[in-house]
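Trainee:
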Amino acid sequence: MTVTMPAGVQVARDLVGPAIEEAVNRLSADVRIVAAYHLGLADADGRPTRSGSGKALRPALALLSARAAGSKPEAAVPAAAAVELVHNFSLLHDDIMDGDTERRHRPTAWTVFGIGGAILAGDALLVLAEDLLLERPPYGIWAARCLSAAVQRLIAGQGADLAFERRDDVQVADCLDMAGDKTAALMACACSIGAVHVGAPATLAMGLAAFGANAGLAFQMTDDLLGIWGAPEVTGKPVGSDVRARKKSMPIVTALASGTEAGSALAALLARPGELTEDEVARAASLVEAAGGKERTEAIADSALASAFESLEQAEMPDDVRAEFAAIAEFITARTW
1 MTVTMPAGVQ VARDLVGPAI EEAVNRLSAD VRIVAAYHLG LADADGRPTR SGSGKALRPA
61 LALLSARAAG SKPEAAVPAA AAVELVHNFS LLHDDIMDGD TERRHRPTAW TVFGIGGAIL
121 AGDALLVLAE DLLLERPPYG IWAARCLSAA VQRLIAGQGA DLAFERRDDV QVADCLDMAG
181 DKTAALMACA CSIGAVHVGA PATLAMGLAA FGANAGLAFQ MTDDLLGIWG APEVTGKPVG
241 SDVRARKKSM PIVTALASGT EAGSALAALL ARPGELTEDE VARAASLVEA AGGKERTEAI
301 ADSALASAFE SLEQAEMPDD VRAEFAAIAE FITARTW
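At position 5 of the sequence shown the residue is numbered 5 (this note's numbering), and the sequence of numbers has no breaks.
1) Nearest to residue 47 by alpha carbon, out of 29, 61, 56 and 62?
2) What residue range does the alpha helix (DSSP H) around residue 287 cover?
3) Check each candidate in 246, 325 and 262 and name the one with the smallest Cα separation from residue 68.
4) Residues in its own chain within less than 6 Å of residue 89 by CB, not counting five upstream and five downstream?
5) So, at 7 Å on beta carbons, what are the nonlocal neighbours of residue 191 in its own chain, with the 5 sequence-adjacent residues on each side left out?
6) Suppose you measure from the CA of residue 273 to the CA of residue 188; what does that come to, to the nearest Å?
7) How should residue 248 be labelled, buried or exposed, when 16 other C-beta atoms within 10 angstroms of its C-beta is the threshold for buried?
8) Report the three-state DSSP secondary structure of residue 165 (helix, strand or coil).
9) Comparing alpha-carbon positions, which option in 131, 7, 9 and 333 lies nearest residue 26?
10) What are the start and end residues of the alpha helix (DSSP H) that includes residue 221?
11) With a CB to CB cut of under 6 Å and the five nearest residues on each side skipped, what residues in its chain are close to residue 157?
12) For the stretch 105-141, list the alpha helix (DSSP H) runs that are entirely contained and at least 4 residues long, ordered along the chain.
13) Assuming residue 309 contacts residue 5 under a Cβ cut-off of 8 Å, what Cβ separation, rounded to an integer in Å, is found between them?
14) Quick one: what's got a C-beta closer than 7 Å to residue 314's C-beta in the same chain, skipping five residues either side?
15) Compare the beta carbon distance of residue 288 and residue 257 with 9 Å and say whether it is the shorter of the two.
16) Please report the residue range of the alpha helix (DSSP H) in which residue 194 lies.
17) With the cut-off set at 9 Å, would you say residue 193 and residue 146 are in Cβ contact?
18) On a Cα-Cα basis, can you pick out the residue from 73, 302, 292 and 110 that is closest to residue 97?
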């Protein structure tokens with residue numbers, strides 16, 4: 001299945017990309033080279049590459065939220081840049097915590113510049129994001145508070161995700177709480193921060209945040225599904241990567257808690273010491289599906305997406321903006337097996 005990138009994403013890249021580059025240039029030289037490399041603005045030697053910094057979905061959502069409030073997208077560029085900088089702060093740190101060695105088809109920053117350098121670059125992007133908002137009172141201050149609250153939840157979610165690795169009693173409710181913090185909170189912020197930044201009514205900002213929270217949860221559930229059954233050319237990872245890593249994602253946790261024979265067999269398989277063979281990874285994926293893990297996760301994703309669309313319909317905004325929000329939600333929850 002081919003999924004088309006929403007049109008608003010290219011607009012976000014054109015408007016927000018220069019603002020991000022200008023902001024990164026404020027950083028000290030040693031930190032700037034790491035941040036620029038991670039963002040795709042430069043190679044490991046600091047030479048400009050212009051390879052881009054990802055899909056720009058969150059900036060696109062931030063610009064849309066300003067348009068929902070009746071403002072031009074340019075008015076929300078600082079807010080959009082701030083959200084993207086925070087997203088990349090989290091990616092820099094996540095790569096270290098997860099031991100990932102490749103991102104966007106390049107070696108991750110910590111493998112090139114060391115763990116310390118990558119941590120500092122992530123910290124710098126977080127502070128830079130807040131600066132961009134605090135420099136634009138009065139509404140930038142409220143936008144900064146919105147972003148800070150999202151970051152606090154993101155950190156809590158990441159902490160829970162790490163704790164799952166040491167736990168044998170993770171339940172479905174735990175996974176939902178973790179996803180709500182780690183993924184959905186920043187998505188909710190992205191969908192509302194542009195409106196906050198231009199001084200929109202609180203009712204609109206809250207409606208957009210509700211849309212983003214539900215879309216973010218659906219996105220995480222979709223990501224969990226792709227982590228087991230996703231096509232490598234789409235995910236950039238081998239089939240069954242989450243099974244191989246014994247990650248306690250929603251399909252796996254649901255299967256383990258199912259009380260079925262397949263769930264018990266899965267628990268025994270994952271408890272074996274050593275790396276799983278390719279045959280064992282394939283068998284584990286089949287057991288997850290047989291125990292209902294795939295079906296349950298799909299149902300959660302579908303329910304969350306339906307709630308997102310309901311919030312979107314209830315919020316007052318131009319029809320073309322509503323359609324673009326919906327298109328992005330559909331894009332980030334598309335399933336490619």
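The beta-carbon is built from N, C-alpha and C at its ideal position, and this holds for glycine as well.
Mentor: Looking at the atomic coordinates:
1) Scanning 29, 61, 56 and 62 for the CA closest to the CA of residue 47 turns up 29.
2) According to the DSSP assignment, residue 287 belongs to the alpha helix (DSSP H) that extends over 278-290.
3) For the options 246, 325 and 262, the alpha carbon positioned closest to that of residue 68 is the one of 325.
4) Residues of the same chain with a CB within less than 6 Å of the CB of residue 89, apart from the 5 flanking positions on each side, are 122, 125 and 126 in chain order.
5) If we look at residue 191 and ignore the five residues flanking it on each side, its Cβ neighbours are 61, 65, 208, 209, 211 and 212.
6) One C-alpha to the other measures close to 39 Å.
7) The residue in question, residue 248, is buried, as its Cβ has 16 or more Cβ neighbours within 10 Å.
8) Here residue 165 sits in coil by DSSP.
9) Measuring from the Cα of residue 26, the nearest candidate turns out to be 131.
10) Residues 202-229.
11) Within its own chain, the residues whose Cβ lies closer than 6 Å to the Cβ of residue 157, once the five positions on either side in sequence are excluded, are 178, 181 and 182, listed in chain order.
12) As summarised for the stretch 105-141, the continuous alpha helix (DSSP H) elements at least 4 residues long and confined to that stretch are 109-113 and 115-134, given in chain order.
13) Rounded, the Cβ-Cβ distance is 20 Å, inconsistent with contact.
14) Counting only Cβ-Cβ distances below 7 Å, and skipping sequence neighbours, we find 207.
15) Cβ distance not < 9 Å, so residue 288 and residue 257 don't count as in contact.
16) Run containing residue 194: 185-197, per the alpha helix (DSSP H) assignment.
17) It is a contact, given that the beta carbons lie within the stated cut-off.
18) Distances from the CA of residue 97 to each of 73, 302, 292 and 110 were compared; the closest alpha carbon is that of 110.
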